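Numbering (the working numbering), first residue to last: 1337 to 1593. Below you'll find the structure, written out as structure tokens, and then a few comments.
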Amino acid sequence: MNTLLRWLNVVSLLAVLVVNWLATALPINGKTTGQISAMFPVPITPAPYAFSIWGLIYALLIVFVIVQFVPRARDAEEITSIGPWFIVSCFFNISWILLWQYLYITSSVFAMLGLLLSLAAVYWNTHKQGWSSDPLIRWGVQIPFSIYLGWITIAAIVNIAVALYAVGWKPFGLSETAWTMLLILIAFLVAVAVGLRFRDPAYVLVAVWALIAVGVANKGEAPIVYTAWAAAVLLFIFSIGLIANNRSHNGKFKLHS
1337 MNTLLRWLNV VSLLAVLVVN WLATALPING KTTGQISAMF PVPITPAPYA FSIWGLIYAL
1397 LIVFVIVQFV PRARDAEEIT SIGPWFIVSC FFNISWILLW QYLYITSSVF AMLGLLLSLA
1457 AVYWNTHKQG WSSDPLIRWG VQIPFSIYLG WITIAAIVNI AVALYAVGWK PFGLSETAWT
1517 MLLILIAFLV AVAVGLRFRD PAYVLVAVWA LIAVGVANKG EAPIVYTAWA AAVLLFIFSI
1577 GLIANNRSHN GKFKLHS
């Protein structure tokens, strides 16, 4: 990754932070992001407190853009292989905010999917060799994108559900409860698949966080609560197993033995 790309990463992240701040501070188009979400009450939406994870995500991304300049880390493959994908993800992040704030809900799905795919590219390039033995790379590059992708995976599922609600379509003729339980199952299976492939407890724990919050948001709907919390418990146990497995490989969190 050349110096120009590193600085473009910084500028792109700053743009994301500013636009996200404006979405709440102004707010853009007169409503906050959360107020717009409340206009589309789909049960798969986590309880409001869950969205505080954005503070952690952005803090970790700030760490990432700093780490990419550290002499010992800047030539690491986990950084150089990112290429322009982080910048692309920032573009889609901003696009999503603007589309959402102006109530282009269906169009926002495409921005969300663009964000998901660009982050998946970053994730693949930073994790394809397994967990780095260098703590600076592991905590400053790999884990930030594990958590970010984990949350955007959930956000994409929610965004699609909101868009379908907005156009009045009932998927497959399912009841709201059955549809929500199906979405929980999808989130669970994706977390298991990524966790197994990349031995990534951080990604899995984000799903745990989200599913607990889905249960909290639906405390009057026992089937949804039990499904969400059962999935969260199973994923938590799974994540503990991943941590133990990673540590058993000389504490280096390697993907492959």
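Virtual Cβ for every residue (Gly too), placed ideally from N, Cα, C. Owing to the predicted nature of the structure, the values given are computational and were not obtained by experimental measurement.
One alpha carbon belongs to Ala1538, the other to Ile1483, and they sit about 6 Å apart. Annotated as proximal: Leu1519 and Ala1497, with beta-carbon spacing under 8 Å.
Counting along the chain, no alpha helix (DSSP H) covers Leu1439, and no H or E run does either. In the displayed model, Phe1376 falls within coil according to three-state DSSP, outside both helix and strand.
Residue environment for Gln1478: buried (at least 16 other C-beta atoms within 10 angstroms of its C-beta). The beta carbon of Ala1412 lies closer than 6 Å to those of Ile1473 in the same chain, with the five residues before and after it left out. Shortest Cα-Cα distance from Thr1516 to any of Tyr1459, Val1494 and Thr1489 involves Val1494. Cβ-Cβ distances below 6 Å link Ala1457 to Trp1421 in the same chain, with the five nearest sequence neighbours on each side left out; the list follows chain order. Contact check for Val1346 and Ile1430: beta-carbon distance about 15 Å, past the 8 Å limit, so the pair fails to qualify.
Proximity to Ser1443 across Lys1464, Ser1511 and Leu1500 peaks at Leu1500, based on C-alpha coordinates. Rounded to whole angstroms, the gap between the alpha carbons of Ile1576 and Gly1366 is 43 Å. By the Cβ rule, the region 1559 to 1567 does not count as touching the region 1396 to 1406, because fewer than three pairs are nearer than 8 Å. About 4 Å separates the CB atoms of Leu1396 and Pro1480; that is less than 8 Å, so the two are in contact. Cβ neighbours of Phe1376 within its own chain (closer than 8 Å, five residues either side excluded): Ile1441, Val1498, Tyr1501 and Ala1502.
At a Cβ-Cβ threshold of 8 Å, Ile1488 and Trp1436 do not count as neighbours. Taking C-beta separations shorter than 7 Å and ignoring five residues to either side along the sequence, the partners of Val1526 in its chain run Thr1489, following chain order. Within the region 1418 to 1497, complete alpha helix (DSSP H) segments of at least 4 residues are found at 1421 to 1437 and 1441 to 1463, given in chain order. For the set Ala1514, Leu1571, Phe1446 and Gly1450, the Cα lying nearest the Cα of Val1378 is the one of Ala1514.
The Cβ atoms of Asn1581 and Arg1535 sit closer than 8 Å to each other.
The Cβ-Cβ distance between Gly1486 and Ala1543 falls below 8 Å. Around the beta carbon of Leu1510, a 10 Å sphere encloses fewer than 16 other beta carbons of the protein chains shown; the residue is thus reported as exposed. In this chain, the alpha helix (DSSP H) harbouring Leu1525 covers Glu1512 to Phe1534.
Residue environment: Val1550 is assigned as buried (16 or more neighbouring CB atoms within 10 Å of its CB, all protein chains considered).
In the structure shown, Gly1556 adopts coil according to DSSP, grouped into three states. Ser1468 and Glu1414 have their C-alpha atoms roughly 8 Å apart. Note on Trp1545: 16 or more other CB atoms within 10 angstroms of its CB, so buried under the neighbour-count rule.
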